[in-house]
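Per our numbering, the very first residue in the sequence shown carries number 265; after that it's consecutive.
Following: one structure in structure tokens, then a few remarks.
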Amino acid sequence: MAQYETEKSWIETSASFAPAMFGAAAGVFLGDLMHRDTRRPVAFTLAALAVAALAPTVVDTVADKVNGPNSRRGSRRTLRNIRDAGIDADDFADLEDEVGEHMFVG
Numbered sequence: 265m266a267q268y269e270t271e272k273s274w275i276e277t278s279a280s281f282a283p284a285m286f287g288a289a290a291g292v293f294l295g296d297l298m299h300r301d302t303r304r305p306v307a308f309t310l311a312a313l314a315v316a317a318l319a320p321t322v323v324d325t326v327a328d329k330v331n332g333p334n335s336r337r338g339s340r341r342t343l344r345n346i347r348d349a350g351i352d353a354d355d356f357a358d359l360e361d362e363v364g365e366h367m368f369v370g
């Protein structure tokens, strides 16, 4: 067993849980172990649980597509963060008062 074993995040856990739930729903739906009137609600409930388990993965993927670095919004956010990373205008005014005319070369 590795000393540095990584743990799955809850999104990965729910994504790995969803196929099992779909399989269980299909098995109950297609199986003849229960009466038909009982089998359908159980199968639909298991399918709904599978969709709910898969929802975080879908939301994470869509959010990454919309806000990711390759999207228009992501590019704008990156540029805004680069522009805002410098000194604030208020701090710049204080610096200009201290340094005076020697601040600018040329």
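We put the CB at the ideal spot given by N, CA and C, even for glycine.
Given the structure is predicted, the values throughout are model-derived calculations rather than measurements.
{"query": "Which value, in whole angstroms, describes the spacing of the CA atoms of residue 313 and residue 282?", "result": "8 Å"}
{"query": "Any contact of the region 286 to 300 with the region 322 to 332, i.e. 3+ C-beta pairs under 8 Å?", "result": "no"}
{"query": "Might you give, ordered along the chain, the residues of its own chain that have their beta carbon closer than 7 Å to the beta carbon of residue 310, omitting 5 neighbours on each side?", "result": "285, 288, 289, 292"}
{"query": "Between residue 322 and residue 348, what straight-line distance do the alpha-carbon atoms span, to the nearest angstrom?", "result": "32 Å"}
{"query": "Buried or exposed for residue 316, please, with buried defined as at least 16 other CB atoms from any protein chain shown within 10 angstroms of its CB.", "result": "exposed"}
{"query": "CA-CA distance, residue 338 and residue 320?", "result": "20 Å"}
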